Every structure is written in structure tokens, then in C-alpha cells.
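Only one structure is covered here, and it is reproduced in the block below.
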């Protein structure tokens, strides 16, 4: 391995990820004895150990676990915690396979280093269905690691952590560690390995009555050869997986000691407030800072071309001074664009595409022919707006550029990318940047962009001293990378029995995942799905569940319209479409059963059902809506979910609930609009969040349908929510909602 | 599933990872003050507009009576006397590494504006045995100004 020397040979670089740095990040590793072996070839210990084990008393067991002299097992997590509970779930997977004592397990976030990327994610992105024969495993793993490194894939998103990293890396690591500890004990005690049992971080041999902690054999375990394919537990032997264990990060979030990116504290640090050109792509033509110069605390005023920054002793001083600066911007092509104009542009692109234009995403059978011959024809067009992420912690980043080095503090979903972005902005090498990641006060995709990192580094480079840049809520709302707005058109055909025979869809944009607009799970003989790309100057970004957030609404609204046209109930119609897919049917049936689907409801109340498989999980939701008032009141959401095997049910249910909060916020209120090229909303008064009195009761039931192929938890709860609610509104009122948010509609 | 299906997200990440165009520095950089300098520099900019600022400005001038022995920036090296930065609200004798007299250490004073006023008017009367043997200000107006100035460097 050519870069083995980069970490091991250079004392300068070796010092970068010191034990102290970890303790500083809130993790205790004091006095640990840690031994090192790689999980698989492709994760060689030589390259990794200097990053995690920095004292003579510490060595690395494998990429993901350390065993201390105090018998504390530390799980090293290559993902970031943004409220989704990933630390706990991944540690559970490792500790269970290892038979570690859960009460003493500790958690450590992996450093932002290219050598520490999650090859499991790379594998699931690239080869999601890959079943590798054992003999090729090393090569494949090595190859994917290289690829993942190239992409800087230390990435938390795509609902991937548990199903990819947990399933492939954490469990394997735990099982490998356990087997090596057993082998070491067997040789020391001179007994067969098969007679040794493990429990609560202890090794025991019943016949001889011997029993010792893991720590006793940590060093010897390092000498053992690496198990080629450690044996994983089957579900009946799980002790921790499947249990609703308490979240590791909750106590510090409740008592306020948790450190988020915005809490970074660097001696001598000053504060920056920023304002970027309101129209993306414009630059600062002129800036009048005469008032700001005389304001208290002000240190520097910077015109960075694309944005203006004020640096001051305190954040408030910086923001107050910034507010007095009068800025003129260059003209851009986007200046004339309003939201209506943008939707008109979508229309004209869709019109131009006609019946055969655009890019075909999937096609089967002969849609045109089936549609012509259909007894009943259904057509509809749907629209959804731009959405902002509105993370509770506004965007921020602290940077210090000096003496050819750069330190960066933030909370980022892709720490390696953040480190690279900082290096590029500072004009330094990757190796000269130290990136310190903290908790993320909400991610939802927003914290996978690099704009905040670059801006802070550019400011800090200009000042020479450490600067914490904090975006105001206004800046955070107006300079997001938005969930794309979109228009989607459908044509569906039904035969004389009300059976769906054709499905044709064309929509604007496609971002990710590629299957979001497709409906392979529905039995419709003829289908054709196309897209057109429409240029806009706005920045798009992934938003919780990404394209499923639009297409879940489009598809499940149209299925409901077809059901209605067929004279069938939405649940019964979907049952027909899912005939033959047992796992899917089970979830649909469960949701219907939970909701008492055929029970009568009070007047002006309605139930709606929606079914969206996404990110490997199958979810159906039933919404119960009360339309007796001036505004829709969503009373209850029933969620039936099959995520393969749920590792931490409490965490998973919390993800379903939070997806409903996030999704209902968007369904009721979410809209970012554009006027003269600029975003019109700025704060929570015009970009509303769901209030606690608007929160429906949520009931979740889980089916573990396939313990070998796990699904995601962070995103799949969102896509069915909007259509379940709007289908319920239709059931209650006969009004079909084809455009979100609901605040655009009057129900009086 | 094929490799091609997974590509867009990858290309997204790739884009995020490898745009290496040189990132522009400032086109205009107005340096009002270096961080080490006292923040009052800007505060006195419009003294006539604000009586409070005017008082602080007068205090800054009157601080010449103290500056031979006292610094007034954070973490400054101790001179003949300790740094007075952030003094308001602190207990007497609290600056790290300064060798105070026993008398001052035992005084139990918390430095409010009133306590400061009494001390600067006549240090030895307020704390018999103090080693601050000079610097007393007889003028009440001058004391008020100096205290306002010290206060202005205590709040933040």
C-alpha cells in the first residue's frame, strides 16, 4: 500500500489525531489498552492505527473497535450524529456481535480522514445487490475502499448508516474481535476455542472454571490471525440488536453539555456575520460600509465578491454592523425570474417534450397503445414548491488559517469533503487541514454542502486570526440549497374491470435516488416514466428523502385518483396493484388494520392511505384528518414499517415521528418562493414550522421482514405523509389537492 | 440495479469533493482595528453624540494616571499592578499570577463602581497596607470617567 507511510512514518502527521483531540471531542479513552488488526484486507491496520491510538498504552483492534485496559470497549463510528441516533444503533450492532458489556461500551466518532471512509457505503451505492463469493471479498473490499476514498465518502445520509456500515462493518468488526479474543484465550488457557464462551466483555471456560475480562487478552488477540469471514449471530441470538436501548447522546443534549458545531470555542476567536448576494450568481458591485466602520466591536469589513462579511468582537456586534452596510449587486440572468415564471418554464419544457420527448427513465410494454384502448382515462398534473431545510442550528463554521495550516470546526455530514473544501479554500493540501467535527443541530441534507466551510475559511484566511462565522436565520433561509420545486404530469388507463393497465409520467428534474419516480412494486403492465431537466439559477440540494419527497406525493396522489376513477377504495385498489408481493401487502394491510380502515368516522373526517418503499424500507401510512374547521387538522398518523430488521426500535420510531413532523411542516406550510431572482422568505414568520398543537398522534408498528437486508430509518417515514394527508382531505371533502403546501388552499 | 443507477448521487459527492478552482480572497478589506487593540477605539468615534461614550473617552485619557502600573487588555502580562481588564464584578486579588499584598487579598472586596471609587480616591485608606502606593485620583469626575472606561472593558 503506497500510502502506508503517510500516517506511520511522519511524526508531524502522526500528531494530528491525538488522543487529546478525541477527549476534546467529548470521548474518553484514558489509559486504554487497544490492540490492532484489520477487519479485512483493504483496511490495513498500519494505515489506521496512528490515527486512533496515539500512546504506548493504546493500539487499534480494528478499524471500528478499541478495548481498553479498564475493559471498556469503544466503538469507532464513521458517521456523524445529527439527532438520528446513529451512534447508539451502530454501537449496539458492534457490541452485540462482540458480546461486549453494553453498560461500559463507549463511542468515538472516526476522524475526518480519507483513510477512514466507509467502504460499506461505497459498496451499497455502487453495487447494492452485490453478493460476493468469499474468495473475492478481500479484493472487492479493497477496491471499494479505494473508490470510496476517491470520493471522500465519509458520508452520513441516504439512510445508509445502519443498513450499510452497521450491517457490513460494525457487526463484522465485533464478531472478528470476539473471535480473536477467543483464540488468544484458547491458546493461553490451552483449551479448545469452541469451549470458550463470551458475555459482558468476559471470556469464560466452564470446565476449568476460568474467567477473565477481554482486556486481559487484548494484546494477545492482536497476534491472532484475522478471521476470513467471522461468523455473525442469527437473530435468535441477538442480545442488543432489536432492543430499544437508551440513546447515548440524549443525557448531554438534555443537560446542555453536548457540543455542536456552533459551540466551537477557540482562544482569541472573533465573530463574523455574512450576507451573500440575494440572487445566486450575482456579485457585490459596491459596498458602503461607512456606518459599520464606526460601530462598536467592529474589526474588519470584507467584500468577498460573492458575499460581504463583518468581523467583530461579538456575533451581535458583527450582525448589527452588517445590517447597516448598503450593498449593490451585479445584474444576472436570474434577476427577472419569479416563481410563476419558473413554473411556466417547467410547463413549456414539459409541453415541448410532448408524448415522446424527454429522457426515458423506465419503460415497459406499450403505454400509448394501452392508454388509447383503456376504458377509463385519468390525467392529472401536480406541483410542489421549493423547500428550505431550516435546521435548528443555523449554518456556521469556525476556521483558523495560519502558518500554512488550517483548523476548521463545524458539524458536517461528510467530514472528509468538508476537510477537502477547507483545503481548497485555504489553498493548502488536505494534509495541512485539521477538521474538527461536532454534533449537527439538524442535517437533513443541508450539512452535506460545503458553502459554509469555504466561506469561513476564506474569511479566516483574510484576517489571519480564528473566526467563527454564524449565519443569521434570515441568511440560513435565503441561501439554502433548496429541495427542487417540480411539476409532474400523469396519464393512467383502467380497463373495464377498473384494473390499471397503463401508467405514464413525465416530470421535471431528477436528482436522487434514481428509482424515486418509478413504481416497480405496482403491477401495471404498461408504464413509461420520463423527465425533463429545466435550467434554473437556484441551488438545489438533497432534502430529507430527496426526490422521494416529491414523487411520493405525485405517485400516491395519482394512484388515489385512479382508484377513485375505478370506483374503488384506495386501500383495495393498492392491494390489487401489490398482488403477489407478500412483504409489501403485509405492510399495506397492517397500516389499514391499525387505522380501522373500514370503521366509520365522524362527519367531515377522512382517512387517506399512501404506500412508498424507499431507501430499502417499506412504509405505509394512514392519515386521519378533521376538515370541520377552516384549516385541515391532521389528527392521527398510523405508520406500518418494514425495514428488514430494526436494530433500535425506540430510535426507529423516533425517526418515523420526526419524519412526520418534518413532512407535515412541508405539507401544511413549506414554500420557498422567488421574486426577481431572490428568495422571499427569511425567517419563521414566513417559513413556518409545525407547532406542537398541530402535531398528530403517531402510532408506529414494525415488521422485521428480512434480517439480512436492512432498510434505512432516517428518510423513508417522510414520502408517504403528504399524500396520506391529501388523500384523507379528498375522502373528507371531495377536494383533490394537486399542489402543495395546503396553506395555498382555502377550505372554508 | 446497475452501477449507472447509482451514479448521480456519486457525481454529486464527487462534485462536492473535488472542485479545486482557486477560491477568491477579499476584493475589498477594511481593517478597522486589530484584535489586540482596545475596543474603545471605535467607541470614541462619535463621543459628542453619546454622553456615555464621551465619558468613556475621558476615562481612557485619564487612565494615563494608571497605565504606568496597569495594563487594561485581557491576559496581559502583569506590570507593577495587575491588569484591570474585566475588573468590574471581580473579587479583589483575582488576577492570576500577580503577587498581591496580604491586605488586599484579605479585603473581601468585590470591585463594584462604588468600591473602585473609594479605592482610587485613597487606596491606603480603603485598604490599609495595600502596595498601591500611587495613582490616587482626587477629582471625583476623573474617577467617574476612569471607572466608566474600566467598566466598558468589563462588560463583554
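Protein chains in written order, with our numbering: chain F, 1 to 748; chain C, 749 to 904. We put the CB at the ideal spot given by N, CA and C, even for glycine. Here the structure is a predicted model, which means the values were calculated and not measured.
| Check | Outcome |
| --- | --- |
| According to DSSP, what are the bridge partners of residue 349 (chain F)? | Answer is none; residue 349 (chain F) lacks a bridge partner. |
| Starting from the beta carbon of residue 405 (chain F), find every residue of chain C whose beta carbon is closer than 9 Å, and list them in chain order. | Correct list: empty, because the minimum Cβ distance to chain C is about 17 Å. |
| Suppose you measure from the CA of residue 633 (chain F) to the CA of residue 742 (chain F); what does that come to, to the nearest Å? | 11 Å |
| Whole angstroms is fine: what's the gap from residue 439 (chain F)'s alpha carbon to residue 391 (chain F)'s? | 13 Å |
| Name, going along the chain, the residues of the segment 297-313 of chain F whose beta-carbon falls closer than 7 Å to a beta-carbon of chain C. | 297, 298, 299, 300, 301, 302, 303, 304, 305 and 313 |
| With DSSP collapsed to three states, give me the class of residue 376 (chain F). | strand |
| Would you list the one or two residues that DSSP bridges to residue 326 (chain F)? | F:288 |
| Kindly list the residues whose CB is nearer than 7 Å to the CB of residue 878 (chain C), restricted to its own chain and excluding five residues on each side of it in sequence; keep chain order. | 849, 851, 852, 871 and 872 |
| At what residues does the beta strand (DSSP E) containing residue 487 (chain F) begin and finish? | 486-494 |
| What do you get for residue 231 (chain F), buried or exposed, if any count of 16 or more other CB atoms within 10 angstroms of its CB means buried? | exposed |
| Rounded to a whole number of angstroms, what is the C-alpha to C-alpha distance between residue 548 (chain F) and residue 575 (chain F)? | 21 Å |
| Any idea if residue 417 (chain F) is buried or exposed, counting beta-carbon neighbours within 10 angstroms, 16 or more meaning buried? | buried |
| Just tell me which of C:806, C:838 and C:831 has its CA closest to the CA of residue 845 (chain C). | C:831 |
| So, at 6 Å on beta carbons, what are the nonlocal neighbours of residue 365 (chain F) in its own chain, with the 5 sequence-adjacent residues on each side left out? | 525 and 526 |
| Taking a Cβ distance cut-off of 7 Å, strictly less, list which residues of the segment 454-466 of chain F are near chain C, in chain order. | 454, 458, 461, 462 and 465 |
| Express the C-alpha separation of residue 402 (chain F) and residue 799 (chain C) in angstroms, rounding to a whole number. | 41 Å |
| Can you tell me whether DSSP reads residue 98 (chain F) as helix, strand or coil? | helix |
| Can you round the beta-carbon distance between residue 505 (chain F) and residue 485 (chain F) to whole angstroms, since I take them to be within the 8 Å contact cut? | Contact doesn't hold; Cβ gap of about 17 Å is too wide. |
| Determine the contact status of residue 840 (chain C) and residue 859 (chain C), defining contact as a CB-CB distance below 8 Å. | yes |
| Measuring only the C-alpha atoms, how far is residue 698 (chain F) from residue 156 (chain F)? | 26 Å |
| Between the C-alpha atoms of residue 274 (chain F) and residue 771 (chain C), what's the straight-line distance to the nearest angstrom? | 17 Å |
| Who are the near neighbours of residue 665 (chain F) in its chain, counting only those whose CB is closer than 7 Å to its CB and skipping five residues on each side? | 689 and 690 |
| Could you give the residue range of the beta strand (DSSP E) that holds residue 608 (chain F)? | 605-614 |
| Could you tell me whether any Cβ in chain F is nearer than 8 Å to the Cβ of residue 774 (chain C)? | yes |
| Shortest alpha-carbon distance to residue 652 (chain F) belongs to which of F:368, F:241, F:745 and F:336? | F:241 |
| Note down, in chain order, each residue of its chain lying with its Cβ closer than 8 Å to the Cβ of residue 557 (chain F), except the 5 sequence neighbours on either side. | 380, 382, 723, 726, 727, 736, 737 and 738 |
| Just the Cα atoms here: how many angstroms apart are residue 384 (chain F) and residue 498 (chain F)? | 29 Å |
| Any contact of the segment 615-632 of chain F with the segment 213-221 of chain F, i.e. 3+ C-beta pairs under 8 Å? | no |
| Can you give the Cα-Cα distance for residue 217 (chain F) and residue 178 (chain F), rounded to whole angstroms? | 11 Å |
| Under the three-state reduction of DSSP, which class applies to residue 166 (chain F): helix, strand or coil? | helix |
| Quick check on residue 836 (chain C) - is its C-beta less than 8 Å from some C-beta in chain F? | no |
| Residues in the same chain with beta-carbon distance under 6 Å from residue 101 (chain F), minus the five sequence neighbours each way, listed in chain order, please. | 200 and 201 |
| Is there at least one Cβ from chain F nearer than 8 Å to residue 894 (chain C)'s Cβ? | no |
| Alpha carbon to alpha carbon, what distance is there between residue 892 (chain C) and residue 802 (chain C)? | 12 Å |
| Taking only runs of the beta strand (DSSP E) that begin and end inside the segment 242-317 of chain F, which ones reach a length of at least 3 residues, in chain order? | 270-276, 284-288, 298-303 and 307-312 |
| Tell me the DSSP secondary structure of residue 415 (chain F) in three-state form. | helix |
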